[in-house]
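Sequences listed follow chains B and E, in order.
So in my numbering, spot 222 of the first sequence is number 553, and the numbers just go up one at a time.
So in my numbering, spot 5 of the second sequence is number 91, and the numbers just go up one at a time.
Don't be surprised by glycine CBs; every beta carbon is placed ideally from N, CA and C.
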Amino acid sequence: MCFKNLPVAFDENGKAYLKEDIANPYEYKVVDLGVEQDKLKSLMEKNGFIRSVDYDPVTRVAGALAFHSVVDLKQGKVLSTNSMATLFRGYEIILKGRDPRDAAYISSRACGVCGGVHATTSALAIEMALGIKPPPLGIVMRNILLAIEYLYDHPLHLFLLAGPDYSEELVAATNPELIPIAARTKCKNKDVHGYDTILDIMKDLNPLKGQLYLEALTMTRVAREAYAQIGGKYPHPQSVVPGGISVTVTMSTLNEVYTRLVKFFDYGQKTTGIWDDVFDFFIEQDERYNQCGERPATMADTGVWDRPDSYDGTFENCDKWGEDRWSTPGVLVDGEVVTTKLSELNAGLEEFVEHSYYEKWDEHKYKIDAKGYPLSPNHPWNKDTVPKPGKQSWRDRYSWDTCPTWDRMPMEAGAYSRMYMTAKANVAPSSPYLENTGYSMKINVPKYNLPEKQLEWKIPKHWNAFERNRARAYCIPYSAMVALENWQLAQQLIRNGETAVSVPYEIPKTGTQIGFGAWGAGRGFLTHHLIVENGLIKNYQIITPSTLNAAPRTPWGALGPYEEAVMNTPVLEKFKKPEDYKGIDILRAIRSFDPCMPCTTHIMAKDTDHVVTREVTTCACGIE
Amino acid sequence: MALNKKTLIGTVGYHILGNHSMPPMLFPHLEALSLPDHIKVDELNWGPVAVVQMFEAEEPSFEKVIMLCAIEREGREIGEIDVFKWKGELPDEEQIQACVGDAATGVISVENLLVIGEYFKVWKDEVYLVDVEPGPEVAGEQWTEGMQNAIPDIISTVKRLAIEGVDDRMSLKFLQGDTIFNEETVPN
Numbered sequence: 332m333c334f335k336n337l338p339v340a341f342d343e344n345g346k347a348y349l350k351e352d353i354a355n356p357y358e359y360k361v362v363d364l365g366v367e368q369d370k371l372k373s374l375m376e377k378n379g380f381i382r383s384v385d386y387d388p389v390t391r392v393a394g395a396l397a398f399h400s401v402v403d404l405k406q407g408k409v410l411s412t413n414s415m416a417t418l419f420r421g422y423e424i425i426l427k428g429r430d431p432r433d434a435a436y437i438s439s440r441a442c443g444v445c446g447g448v449h450a451t452t453s454a455l456a457i458e459m460a461l462g463i464k465p466p467p468l469g470i471v472m473r474n475i476l477l478a479i480e481y482l483y484d485h486p487l488h489l490f491l492l493a494g495p496d497y498s499e500e501l502v503a504a505t506n507p508e509l510i511p512i513a514a515r516t517k518c519k520n521k522d523v524h525g526y527d528t529i530l531d532i533m534k535d536l537n538p539l540k541g542q543l544y545l546e547a548l549t550m551t552r553v554a555r556e557a558y559a560q561i562g563g564k565y566p567h568p569q570s571v572v573p574g575g576i577s578v579t580v581t582m583s584t585l586n587e588v589y590t591r592l593v594k595f596f597d598y599g600q601k602t603t604g605i606w607d608d609v610f611d612f613f614i615e616q617d618e619r620y621n622q623c624g625e626r627p628a629t630m631a632d633t634g635v636w637d638r639p640d641s642y643d644g645t646f647e648n649c650d651k652w653g654e655d656r657w658s659t660p661g662v663l664v665d666g667e668v669v670t671t672k673l674s675e676l677n678a679g680l681e682e683f684v685e686h687s688y689y690e691k692w693d694e695h696k697y698k699i700d701a702k703g704y705p706l707s708p709n710h711p712w713n714k715d716t717v718p719k720p721g722k723q724s725w726r727d728r729y730s731w732d733t734c735p736t737w738d739r740m741p742m743e744a745g746a747y748s749r750m751y752m753t754a755k756a757n758v759a760p761s762s763p764y765l766e767n768t769g770y771s772m773k774i775n776v777p778k779y780n781l782p783e784k785q786l787e788w789k790i791p792k793h794w795n796a797f798e799r800n801r802a803r804a805y806c807i808p809y810s811a812m813v814a815l816e817n818w819q820l821a822q823q824l825i826r827n828g829e830t831a832v833s834v835p836y837e838i839p840k841t842g843t844q845i846g847f848g849a850w851g852a853g854r855g856f857l858t859h860h861l862i863v864e865n866g867l868i869k870n871y872q873i874i875t876p877s878t879l880n881a882a883p884r885t886p887w888g889a890l891g892p893y894e895e896a897v898m899n900t901p902v903l904e905k906f907k908k909p910e911d912y913k914g915i916d917i918l919r920a921i922r923s924f925d926p927c928m929p930c931t932t933h934i935m936a937k938d939t940d941h942v943v944t945r946e947v948t949t950c951a952c953g954i955e
Numbered sequence: 087m088a089l090n091k092k093t094l095i096g097t098v099g100y101h102i103l104g105n106h107s108m109p110p111m112l113f114p115h116l117e118a119l120s121l122p123d124h125i126k127v128d129e130l131n132w133g134p135v136a137v138v139q140m141f142e143a144e145e146p147s148f149e150k151v152i153m154l155c156a157i158e159r160e161g162r163e164i165g166e167i168d169v170f171k172w173k174g175e176l177p178d179e180e181q182i183q184a185c186v187g188d189a190a191t192g193v194i195s196v197e198n199l200l201v202i203g204e205y206f207k208v209w210k211d212e213v214y215l216v217d218v219e220p221g222p223e224v225a226g227e228q229w230t231e232g233m234q235n236a237i238p239d240i241i242s243t244v245k246r247l248a249i250e251g252v253d254d255r256m257s258l259k260f261l262q263g264d265t266i267f268n269e270e271t272v273p274n
């Protein structure tokens, strides 16, 4: 029984049904956010200060996502948070009425980093809708392509975007007391990264000049070069199509990929060693860092990387081919696995727009799926995207992001969810390079310049900003090993003469076809829900990881993941005057999610007129 | 005037934004021009960091770079062409890091490209912007009449600048990195 909040039960044969004794089974309470705002206002009035803040984007090109907090600097507490997407993107509307074959190319443009995963997720949605099964080499090459996309994405986040938050320059400005301690603290992983002290690492994390920063720039190039061998170009591959890929793959292609991939063997060891050292150091200095960005490990993940002998694209078999993936799909609630089945993941999804600039929709066309699972009127297959621009109000609507939930719970998404879910569920087929234990994932990295080594990522006790980034670092060797195993499979397929990379298919001119694609983006969970009617796209709905993470409050008042993580973050930064406050703890909390869209963060210090504004830029992926 | 400088004409801008998309829409036409061998045409929308890496790998280096862009600026008519010469200089490091952040995540911006190229020292002798006023941003693949009428002049300006260099018909203005985000020009 995976659902606790949706009105769905299972009979003795495990068949899902809608509970019959409930008058309006999908009804939900809508709370008045004004009560919270009034409390906050009253609290601030008592302290003698109220100030309005301008939340316009702060640069010409950025500002698509913004974050507002009110912080009590005396108590070191966050009082209020609101996450808001400030741009309407409307890919769902752009795709309506188009030929389904356009979807992979158009939806790829939802992101300037993870275009390949959007294209692939779109291809999977079409494969499910039309019953297309790609040939083994097509599946394997898609796996390699998308593993490589992560090898671009994770170093970019860890060293170019989040890394500076832990650099000597930033730490000296926000927690100078840590610098002399870092200077005398020896690194535990010098054997893999070569740094003697934590301060040595911090210096090389300095933005623009640090060696780790500059090395990451180079590694993103290595990944892009490998990617272009299969995708044709980056970030919007030209070769991802429903039914496989559209590029000829030879041993030469594989060799070109391998010469780049091997560089991530050592880099994976180095990166995990660096971040283990840095994060252990912070937490050893002050246990309260465990609360930075902390929230329950309640996460959803689609899984990724299909087995060529299992994936057939069908909805009927999606639970089987989903569980056979190198990363396991499913849902974690407070660190416990509640499902690993793609059909249950799909059936529990809903999207709410009470605090978003959209009209509600009335239709409830799809009441059950093909397996008989009841579907909510708020399920993506039932959703209609109707923008309704309006005034921003913390009491009412404040975001272009919708509020997706699974079983009525806000869900977090990330590369780390992929790793957490797979390690904890321990259902993925065995692999020579990966071993899941239920409490950890062991990664067997082969020799390159460094000797071979078994790395082990352990499920942490606290789920916080540091652990998100630590897990993301481990996703580098994890992704590299999946790419390596698939590379070996590709070699074998070519040797066996199985060189087909795609299958032909036709778009039916009549009737309705329905499907969903589920594949992980660099920052986790990504679904595309598709309905084709009379040969054209009738409805297309995209849920990106940032749709989940940056969600506004649920109709019943639960905080979105960013909002909750920031609410739990203590202010550990040292400053003499409020004007000196930089908000580094909150920035670390938000950045740990690898937020999509250039994100602007505004932090208002209670009892002062000080507003901190910082860019939290990461990928330009779509929210709605 | 040095002749036959190795030159790159690059287009910068988003697609499907009306007049703002003039550079990428004009790219195939520029590519089809009959140009001397030392002049290459390329799209420069694929990320300033990647562009820097491409420049670093280019042997011999490009000595002249001409970027075609369409940035909305006050006081100009749609289709009005300005030629800016890049004078270098850099904004503060926080701004440069913000540029890298945007650049590494897919944001297309000519300012970011200029600043990041300057920081990583890939610009050599001459860098120019041929900047055409697009007016307000609108969605779509169509140009307004003002932009459409300016196309022959735009192509002619880019071509002259690439082949012959700055001439009397171009009123040169100047930009540099420490003021570019204030949309200020600077004296020569």
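Given residue i, which residues of its chain have a CB within under 8 Å of its CB, disregarding the five upstream and five downstream residues?
i	result
Asn336 of chain B	Asp738, Arg739, Met740
Asp496 of chain B	Ile915, Leu918, Arg919, Arg922
Pro763 of chain B	Asn775, Glu816
Glu798 of chain B	Phe610, Tyr747, Pro791
Give the DSSP-derived three-state secondary structure of residue i in the structure shown.
i	result
Asp403 of chain B	strand
Val669 of chain B	strand
Ala831 of chain B	coil
Trp172 of chain E	strand
Ser411 of chain B	strand
Asn870 of chain B	strand
Ile652 of chain B	For clarity, residue 652 of chain B is Trp in the given sequence; the question names Ile instead. Correct three-state label for Trp652 of chain B: helix.
Gln542 of chain B	helix
Phe398 of chain B	strand
Asn767 of chain B	strand
Kindly indicate if chain B contains any beta-carbon less than 8 Å away from that of residue i.
i	result
Tyr214 of chain E	no
Gln228 of chain E	no
Val218 of chain E	no
Gln139 of chain E	yes
Gln183 of chain E	yes
Thr191 of chain E	yes
Ala236 of chain E	no
Is residue i close to chain E, meaning its C-beta is less than 8 Å from at least one C-beta of that chain?
i	result
Lys350 of chain B	no
Gly562 of chain B	no
Cys442 of chain B	yes
Thr516 of chain B	no
Cys950 of chain B	With a pLDDT of only 49 at Cys950 of chain B, under the threshold of 50, the placement of this residue in the model should not be trusted; the figure read from the coordinates follows. Yes, its Cβ sits closer than 8 Å to a Cβ of chain E.
Leu476 of chain B	no
Phe380 of chain B	Annotation note: pLDDT 39 at Phe380 of chain B (below 50); position unreliable, coordinate value reported separately. Not an interface residue.
Pro338 of chain B	no
Leu492 of chain B	yes
At what residues does the alpha helix (DSSP H) containing residue i begin and finish?
i	result
Leu337 of chain B	Looking at the DSSP string, Leu337 of chain B is not in any alpha helix (DSSP H), and its letter there is neither H nor E.
Ile470 of chain B	467-486
Ala434 of chain B	434-439
Ala460 of chain B	446-461
Glu587 of chain B	582-592
Ser748 of chain B	746-756
Gly187 of chain E	179-190
Cys806 of chain B	796-826
In chain order, what residues of the same chain have a beta carbon less than 7 Å from the beta carbon of residue i, not counting five sequence neighbours either side?
i	result
Leu509 of chain B	Val502, Gln616
Arg619 of chain B	Pro901, Leu903
Ile425 of chain B	Ile437
Thr516 of chain B	Thr528, Ile529, Phe612
Leu176 of chain E	Ile182, Val201, Glu204, Tyr205, Gly263, Asp264
If residue i sits next to residue j, beta carbons under 8 Å apart, how far is it from one beta carbon to the other, in whole angstroms?
i	j	result
Ser833 of chain B	Gly574 of chain B	5 Å
Pro338 of chain B	Glu829 of chain B	Their Cβ separation, rounded to whole angstroms, is 47 Å, which puts Pro338 of chain B and Glu829 of chain B out of contact at 8 Å.
Within its chain, find whatever has a CB closer than 6 Å to the CB of residue i; leave out the 5 residues flanking it on each side and keep chain order.
i	result
Lys594 of chain B	Val553
Pro134 of chain E	Ala189, Asn198, Leu199, Ile202
For the beta strand (DSSP E) that residue i lies in, which residues bound it at each end?
i	result
Ser242 of chain E	Premise fails: Ser242 of chain E lies in the alpha helix (DSSP H), 231-249, not in any beta strand (DSSP E).
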